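Novice:
Numbering (full-length UniProt numbering), first residue to last: 1 to 148.
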């Protein structure tokens, strides 16, 4: 093998390694994407079972039902639509009815939303930015608190 052929082989090997690394990163990022929806968005958009999404809004008044152990069922609303959510785990300390919440999970085969994480506000002025922006746009919430 000549010097030129060796150099081309090293360059080709390096390029192959870089291309493989970029493809693996793109695949990993594509698998971790979770789109944000409000309950009224879900009425207009069909989301298939198993598709990971973030669902945000307010915890509907009178909707929190605690089951056995750490199982909880509640509804998330944006004033227009409401989505029932089931969650098994420890809820944030400040989780309560009427407060902003973002849940992450997927719809099951029966059409129910099963959350695997629940994020709630952390002080009396906070609401997740996506939720606050949408609720203000829809005229449901007029708060002037901090968003993040």
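Idealized CB from N, CA, C, for every residue including glycine.
Treat the numbers as computed from the prediction; the structure is a model and nothing was measured.
For residue 38, does the count of other Cβ atoms within 10 angstroms reach 16, so buried, or fall short, so exposed?
Specialist: Residue 38 comes out buried.
Novice: List the endpoints of the continuous beta strand (DSSP E) containing residue 104.
Specialist: 100-107 is the span of the beta strand (DSSP E), which, as asked, contains residue 104.
Novice: If we count the other Cβ atoms within 10 Å of its Cβ and call it buried at 16 or more, is residue 134 buried or exposed?
Specialist: Buried, because 16 or more other Cβ atoms sit within 10 Å of the Cβ of residue 134.
Novice: Within the same chain, show all residues whose beta-carbon is closer than 6 Å to that of residue 101, passing over the 5 residues directly before and after it, in chain order.
Specialist: Within the same chain, residue 101 has close Cβ partners 59 and 120.
Novice: DSSP beta-bridge partners for residue 71?
Specialist: DSSP lists 88 as partners of residue 71.
Novice: For a quick check, are the C-beta atoms of residue 83 and residue 76 less than 8 Å apart?
Specialist: Yes; because the gap between Cβ atoms is below 8 Å, this pair is in contact.
Novice: Within 10 angstroms of the Cβ of residue 10, are there 16 or more other Cβ atoms? Answer buried if so, exposed if not.
Specialist: Answer is exposed; the Cβ neighbour count stays below 16.
Novice: Rounding to the nearest angstrom, what Cα-Cα distance links residue 53 and residue 16 in this structure?
Specialist: Between residue 53 and residue 16, the C-alpha separation is close to 34 Å.
Novice: On the CB-based measure, 16 or more other CB atoms within 10 Å of its CB, does residue 139 come out buried or exposed?
Specialist: Per the 10 Å Cβ criterion, exposed.
Novice: Mind checking who residue 83 pairs with in its DSSP beta bridge?
Specialist: BP columns for residue 83 point to 76.
Novice: Ordered along the chain, which non-local residues of its own chain (more than five positions away) have a Cβ less than 6 Å from that of residue 81?
Specialist: 39, 40 and 43, listed in sequence order.
Novice: Which of helix, strand or coil does DSSP assign to residue 7?
Specialist: Correct three-state label for residue 7: helix.
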